[in-house]
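Q:
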DNA sequence: CTGTTAGCGCTTTCAG
DNA sequence: CTGAAAGCGCTAACAG
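Residue numbers (our numbering), protein chains in the order written: chain A, 1 to 333; chain B, 1001 to 1333.
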């Protein structure tokens, strides 16, 4: 015995049940301001009686709005973007949008394929972690009038909208912080992704020369931090300060230093990146670069919502900046 | 290549450009097996010339398949579920499905609202972290024939499909592991979410009495681990072994122990949960309970894909189990 | 306030 | 192998 699938409960059934026309039922649900109270009640009751759940795909076909937003991240398991994805989801959800997740895997080809998929799904906007490939879909997306919010990076010429900060400046700032304390034997432990490498470039340029560098494969891990410190000490046994491209890496450096009886910060200063929740609880607590990841997601969502309401976005490029959070791992010595 | 039309290029335009009928163009793209090679080529060229991107919403309306899957998690920023979400996304993506993300925030009311939203979007399946509320949408989803995969938990009567493990048994197993080593002064640091509390119940029942317990608010953090150890020592100054409901919590316990000059594992054994990437890199390396989170996501995706192809799923309840990964923090002493 | 008339862009019949 | 017709479930645009 197969149960009859009431899957086919449609607005039509609701209308008949309520004794009104299709469009009146539609309006009672989606634009009640123009329908009489009595009618709304009758439709409401019919909805309950039939167990009707509106089909948003059908509506979207006509209204040309899917109320979905694509979120493209390298890999979801990189904790860096999590606060951004969280506030993005929350803020959009409150406005009736749902997020469709895509993982590019740090791969431009997959990014292109995903963009095609998302455009095919007629998402109302695309939010991407990082910058889109300039030569790829950028022009096409512009012509299709799909709002694009690039995040976690900065450029003069975004595809459309941007909420981020300068990785170059962030790297320079940490270098400046080290130099100001008189540390000359400085090094960098960094992941090999584009943004981390840009911070590295900023760091090196502020120092004015190439510096000892350990490069690990993104996404970076605590384990990689341990091997990275070993590598850096090989390159410069007199190492005084290390900048790590993530707090996970920095945590690994702290552990490796302890096993080697290198006192932090007395013999070695360490600065991370990202201000992960565990940073301030390390021993010693970890100096790091704080990024307002949650703000990035919130502001990106607000831009998308504004565009959806036909409002123009005043500030098309938002620099949320960054700040160095000074803690025990770089305490003056 | 001519510039694409500003707004929407439809299959109609492609058909005209290729000099074939609408339906032939449709088949050339979605079911090329039944179309001649020459025609396919002409359609292909027309697609390129027009810059056509198929509208998957329109297709879904007729075919009743949206090729989307809802993923419901408490909050995306809890690292626990990340490997699951990652493999889920990847595996589904390879089969042409996209994931729509929903955050319940540990709140049943939001969960219900999200289910309604997702059903409205006509997702082809729902994957949820944890178990659905038995009295809520369960029956309704069954009637709608929407496949539901509950994960990261175990029950005899899932809504539909299940890939998980027993939290009760996991808690018992750690207790058994402690007792077998002769440790009697055992305690638990746990988050207050349902699954963690179940592990705690399993632990206590294996010990045979209530144990010193520090409860922290989910999601748990390294910081909470530090305060939790302080609390446990207050409850039992002779504490010999602690089970933590997450590796983050355990990392905090390790740090707090070090600042108090309590030697791990000599004076205090520590066991975490989840086998996070940083667990084996702690000092000492962290004994923990390993869950095959990536497998859970992959198997859940495979179930969804099977159902999508009309295949029945043989094993409706999959217990992926768990294993205690023995490391330095519980080395025999 | 309510109803009728047309579709949105595509895929499923069923015929050629 | 290709095509014509008939909608999927809903909402804009007008009329009443």
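Positions of the beta carbon are idealized from the N, C-alpha and C atoms, including for glycine.
This one's a predicted model, so the numbers in the text were calculated from it and none came from an experiment.
Tell me which residues share the same chain as residue 212 (chain A) and place their Cβ nearer than 6 Å to its Cβ, disregarding the 5 neighbours each side in the sequence.
A: The answer, listed in chain order, is 187, 232, 235 and 236.
Q: Looking at the C-beta of residue 351 (chain A), does it have a partner C-beta in chain B at a distance below 8 Å?
A: With chain A represented from 1 up to 333, any question about residue 351 (chain A) goes unanswered, as that position is not in the structure.
Q: Nearest to residue 1332 (chain B) by CA position, among B:1180, B:1071, B:1047 and B:1067, is which residue?
A: Checked all of B:1180, B:1071, B:1047 and B:1067; the closest Cα to residue 1332 (chain B) is B:1180.
Q: Quick one: what does DSSP say residue 47 (chain A) is sitting in, helix, strand or coil?
A: Helix.
Q: I'd like to check one pair, residue 1099 (chain B) with residue 101 (chain A): are the Cβ atoms closer than 8 Å?
A: Against a cut-off of 8 Å, the Cβ pair of residue 1099 (chain B) and residue 101 (chain A) comes out as a contact.
Q: Using only the alpha-carbon positions, how far apart do residue 262 (chain A) and residue 1289 (chain B) sit?
A: So the alpha carbons of these two residues sit roughly 31 Å apart.
Q: By alpha-carbon positions, which one of A:162, A:167, A:175 and A:205 ends up nearest to residue 295 (chain A)?
A: Nearest of A:162, A:167, A:175 and A:205 to residue 295 (chain A), Cα basis: A:162.
Q: Can you tell which of A:206, A:201, A:35 and A:255 has the C-alpha that lies nearest to the C-alpha of residue 222 (chain A)?
A: With distances taken between Cα atoms, residue 222 (chain A) lies closest to A:255.
Q: Just to confirm the assignment, what range does the alpha helix (DSSP H) spanning residue 221 (chain A) have?
A: Neither: residue 221 (chain A) is in no alpha helix (DSSP H) and is coded neither H nor E.
Q: Cα-Cα, which of A:185, A:151 and A:311 is closest to residue 74 (chain A)?
A: With distances taken between Cα atoms, residue 74 (chain A) lies closest to A:151.
Q: Measure the beta-carbon distance from residue 1283 (chain B) to residue 258 (chain A) and round it to whole angstroms, keeping in mind my assumption that it falls under 8 Å.
A: Confirmed, about 6 Å.
Q: May I ask you to report which of helix, strand or coil DSSP gives residue 316 (chain A)?
A: Looking at residue 316 (chain A) - three-state DSSP - the assignment turns out to be coil, as it is neither helix nor strand.
Q: With a cut-off of 8 Å on the beta carbons, I'd call residue 1013 (chain B) and residue 1065 (chain B) a contact; round off their distance for me.
A: Contact flag wrong, Cβ pair sits at about 25 Å.
Q: Assess, as a yes-or-no matter, whether the region 307 to 320 of chain A is touched by the region 102 to 121 of chain A under the definition of 3 or more beta carbon pairs within less than 8 Å.
A: No contact exists between the region 102 to 121 of chain A and the region 307 to 320 of chain A.
Q: Classify residue 72 (chain A) as helix, strand or coil using the three-state DSSP reduction.
A: DSSP places residue 72 (chain A) in strand when its eight states are reduced to three.
Q: Closest to residue 1323 (chain B) by CA distance: which of B:1216, B:1029, B:1087 and B:1271 is it?
A: Closest by alpha carbon: B:1271.
Q: Taking contact to mean 3 or more Cβ pairs, one atom from each stretch, closer than 8 Å, check whether the region 36 to 46 of chain A and the region 79 to 97 of chain A are in contact.
A: No contact exists between the region 36 to 46 of chain A and the region 79 to 97 of chain A.
Q: Do the CB positions of residue 1060 (chain B) and residue 1165 (chain B) come within less than 8 Å of each other?
A: Going by C-beta atoms, residue 1060 (chain B) is not nearer than 8 Å to residue 1165 (chain B).
Q: Please classify residue 109 (chain A) as buried or exposed, where buried requires at least 16 other C-beta atoms within 10 Å of its C-beta.
A: Result: exposed.
Q: Measuring CB to CB, does residue 199 (chain A) end up less than 8 Å from residue 246 (chain A)?
A: No. Outside cutoff.
Q: Taking the alpha-carbon of residue 1304 (chain B) as reference, which of B:1071, B:1328 and B:1229 has the nearest alpha-carbon?
A: Here the closest residue by C-alpha is B:1071.
Q: Quick one: what does DSSP say residue 261 (chain A) is sitting in, helix, strand or coil?
A: It is coil, neither helix nor strand.
Q: Mind checking residue 127 (chain A): buried by the 16 CB within 10 Å criterion, or exposed?
A: Label assigned to residue 127 (chain A): buried.
Q: Report the residues of the region 119 to 147 of chain A with a CB closer than 9 Å to any CB of chain B, ordered along the chain.
A: Answer in chain order: 119, 120, 121, 122, 140, 143, 144 and 145.
Q: Can you find the residues in the same chain that come closer than 6 Å, C-beta to C-beta, to residue 1301 (chain B), ignoring five residues on each side of it along the sequence?
A: Around residue 1301 (chain B): 1088, 1091 and 1092.
Q: If we ignore side chains and look at the alpha-carbon of each, how far apart do residue 1330 (chain B) and residue 1113 (chain B) end up?
A: Approximately 44 Å, taken between the alpha carbons.
Q: Following the continuous alpha helix (DSSP H) through residue 1198 (chain B), name the residue where it begins and the one where it ends.
A: Unbroken alpha helix (DSSP H) run through residue 1198 (chain B): 1194 to 1207.
Q: For residue 1172 (chain B), which residues in the same chain have their Cβ closer than 6 Å to its Cβ, ignoring the five residues on either side in sequence?
A: Contacts found: 1202 and 1206.
Q: Take the Cβ of residue 1291 (chain B) as the centre, count every other Cβ of all protein chains shown within 10 Å, and call the residue buried at 16 or more, exposed below.
A: Per the 10 Å Cβ criterion, buried.
Q: What residue range is occupied by the uninterrupted alpha helix (DSSP H) comprising residue 1063 (chain B)?
A: Here the alpha helix (DSSP H) through residue 1063 (chain B) covers 1056 to 1063.
Q: Does residue 22 (chain A) have its Cβ less than 8 Å from a Cβ in chain B?
A: No, residue 22 (chain A) does not count as interfacial toward chain B.
Q: My assumption, with CB atoms under 8 Å, is that residue 130 (chain A) sits in contact with residue 195 (chain A). Please give the rounded CB distance.
A: Correct: roughly 6 Å between the Cβ atoms.
Q: Using alpha carbons as the reference points, say which of B:1177, B:1297, B:1035 and B:1081 lies closest to residue 1327 (chain B).
A: Residue B:1177 is the option with its Cα nearest to residue 1327 (chain B).
Q: Using DSSP's beta-bridge definition, name the partner residues of residue 248 (chain A).
A: For residue 248 (chain A), which the question treats as bridged, DSSP gives no partner whatsoever.
Q: Does residue 1 (chain A) come out as helix, strand or coil in the three-state DSSP assignment?
A: For residue 1 (chain A), the pLDDT reaches just 28, beneath the cut-off of 50, and the residue's location in the model is therefore unreliable, leaving the point undetermined.
Q: Drop a sphere of 10 angstroms on the beta-carbon of residue 1139 (chain B), count the other beta-carbons inside from all chains shown, and report buried for 16 or more, exposed for fewer.
A: With fewer than 16 Cβ atoms within 10 Å of its Cβ, residue 1139 (chain B) is classed as exposed.
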